[in-house]
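Residue numbers (this note's numbering): 20 to 137.
Each residue gets a CB set at the ideal place from its N, CA and C atoms; glycine is no exception.
Note sheet for the following structure.
Have a look at this one:
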């Protein structure tokens, strides 16, 4: 399955690049375990960051950032088979969960609950 890993990226960072990088590392932590279980892990920022940079993004939260980041997740959810929602406050991740549930896509809150990851 293609599994979107959703959780805090920008939330709670005050847009501090080091804190955002730490959040991205936290999002990436379950990726190897998902891969070992036969899944393809996906994180929205893996797609959104290069698109934003290529489009000339300058500052986190600028108009271009808003135009790209949340729509990327929405588009990815058209392709994903599941969402692993990590702990932590995040409006974006909460929105990913809402969209997934509307589309009937399973949402897991523990990696142990993802098929093959027990």
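**Prompt:** Where does residue 25 sit, in a helix, a strand or coil, going by DSSP?
**Reply:** strand
**Asked** Can the beta-carbon of residue 102 be found less than 8 Å from the beta-carbon of residue 25?
**Response** yes
**Asked** Skipping 5 residues on each side, what residues in its chain have a beta carbon closer than 7 Å to that of residue 66?
**Response** 91, 95
**Message:** Below 8 Å on the Cβ atoms is my contact criterion, and I expect residue 59 with residue 21 to pass it. Report the Cβ-Cβ distance as a whole number of Å.
**Reply:** 5 Å
**Request:** Indicate whether at least one CB of chain C lies closer than 8 Å to the CB of residue 109.
**Result:** Given the protein chain composition of this structure (a single chain), no chain C is represented.
**Message:** Can you tell me whether residue 98 is helix, strand or coil according to DSSP?
**Reply:** It is coil, neither helix nor strand.
**Asked** Helix, strand or coil for residue 68 per DSSP?
**Response** helix
**Asked** Along the chain, where does the alpha helix (DSSP H) that runs through residue 116 open and close?
**Response** Per DSSP, residue 116 belongs to the alpha helix (DSSP H) from 110–121.
**Prompt:** Is the distance from the Cβ of residue 31 to the Cβ of residue 85 below 8 Å?
**Reply:** no
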